[in-house]
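Student:
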Amino acid sequence: MADLAPTVDRPGVHVAKPARDFPATGSYACRCGASGRAKGDDNVRDLVAQWIDHRNTCPHR
1 MADLAPTVDR PGVHVAKPAR DFPATGSYAC RCGASGRAKG DDNVRDLVAQ
51 WIDHRNTCPH R
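With our numbering applied, the sequence shown covers 1 to 61.
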């Protein structure tokens with residue numbers, strides 16, 4: 001299986017939740033070098049919101 005983690009060369013966000021009882025994990029990366037990682041459903045939800053805010057304001061998107 002291919003590595004789905006975002007990188008500066010492949011920017012974006014990736015979220016995984018393999019089962020209902022497992023915590024979600026997530027990461028994002030932008031062409032400008034900004035990145036983030038989170039574990040836990042609430043933390044990943046916040047990470048996605050952070051990515052959306054960054055994506056909407058970053059001139060490198």
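Glycine included, every Cβ here is placed at the ideal spot set by N, Cα and C.
1) With DSSP as the reference, please indicate the residues paired to residue 8 in a beta bridge.
2) I need the DSSP call for residue 37, collapsed to helix, strand or coil.
3) For residue 29, which three-state DSSP category applies?
4) Can you give me the Cβ contacts of residue 6 inside the same chain, cut-off strictly under 7 Å, excluding the 5 residues immediately before and after it?
5) Does the Cβ of residue 8 have 16 or more other Cβ atoms within 10 Å, making it buried, or fewer, making it exposed?
Tutor: Quick look at the numbers:
1) Beta-bridge pairing links residue 8 to no other residue.
2) strand
3) strand
4) Within the same chain, residue 6 has close Cβ partners 12, 13, 14, 27, 28 and 29.
5) exposed
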